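In this note's numbering, the protein residues as written are 678 to 857.
Only one structure is covered here, and it is reproduced in the block below.
Here it is in structure tokens:
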């Protein structure tokens, strides 16, 4: 089985970090993965997205053109990628960033006020991880059983020791999403 994911948003929303954490979590479970970042020249505010492929077999290409799962942090990301999500796929989006209603009947959609939830819990800037938590909860089988414990361990590995308090904050944000 191959699961293809696109995570998209503005630069500075942690899009690439969320994808890297998911990829690292898969690697920790000895699952085949690829992670391919894509971003504009701006440091913050420009567009950013990444493709993550997770498979039980070798991955032929890291490019994702028809994702099984879309995680969209803003309205432009929904607009750009919603039409390419495979029938039967999943879309997770920050409902606080768009008033748009997704009307495709052949996909499952989950609007989560991720940035607001993070902010209300003193985890500002971690809406990306809140959405990732919701994705883990709803798509466990498609994600080969990558769970909160695995991603908590990934946070600890990916976040430098001098900022180790961020690993605990990311774990808290992940739990908020998983419990939403």
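The beta carbon of each residue, even a glycine, is placed where N, CA and C say it ideally should be.
Small disclaimer: the values here were computed from a predicted structure and weren't measured.
Chain-order list of residues whose beta-carbon lies under 7 Å from that of residue i (same chain, five-residue window excluded)
{"i": "residue 801", "result": "795"}
{"i": "residue 820", "result": "680, 731 and 813"}
{"i": "residue 712", "result": "696, 697, 700, 727 and 729"}
{"i": "residue 831", "result": "698, 701, 702 and 705"}
Opposing strand residues paired with residue i [DSSP bridges]
{"i": "residue 707", "result": "Bridge partners of residue 707: none, in fact."}
{"i": "residue 726", "result": "685 and 715"}
{"i": "residue 746", "result": "682 and 767"}
{"i": "residue 788", "result": "770"}
{"i": "residue 731", "result": "680 and 710"}
Inter-residue spacing [alpha-carbon to alpha-carbon] between residue i and residue j
{"i": "residue 781", "j": "residue 755", "result": "12 Å"}
{"i": "residue 707", "j": "residue 827", "result": "12 Å"}
{"i": "residue 848", "j": "residue 829", "result": "5 Å"}
{"i": "residue 823", "j": "residue 777", "result": "30 Å"}
{"i": "residue 854", "j": "residue 797", "result": "13 Å"}
{"i": "residue 833", "j": "residue 825", "result": "12 Å"}
Spatial neighbours of residue i in its chain, beta-carbon cut-off 6 Å, leaving aside the 5 residues before and after
{"i": "residue 783", "result": "764"}
{"i": "residue 684", "result": "692, 695, 696, 727 and 748"}
{"i": "residue 682", "result": "729, 744 and 746"}
{"i": "residue 850", "result": "795, 800, 803, 806 and 807"}
{"i": "residue 742", "result": "none"}
Close beta carbons around residue i, own chain, < 8 Å, minus the five adjacent residues each side
{"i": "residue 767", "result": "745, 746, 747, 784, 785, 786, 787, 812, 815, 816 and 819"}
{"i": "residue 775", "result": "751, 752 and 755"}
{"i": "residue 735", "result": "709"}
Nearest-angstrom beta carbon gap, residue j and residue i [assumed within contact, 8 Å]
{"i": "residue 789", "j": "residue 809", "result": "That pair is no contact at about 10 Å."}
{"i": "residue 803", "j": "residue 840", "result": "The Cβ separation is near 13 Å, so there is no contact."}
Worksheet item: Given 8 Å as the limit, is there contact between the segment 697 to 716 and the segment 725 to 738, that is, 3 or more CB pairs closer than that?
Response: Three or more beta-carbon pairs separated by less than 8 Å link the segment 697 to 716 to the segment 725 to 738, which places the two stretches in contact.
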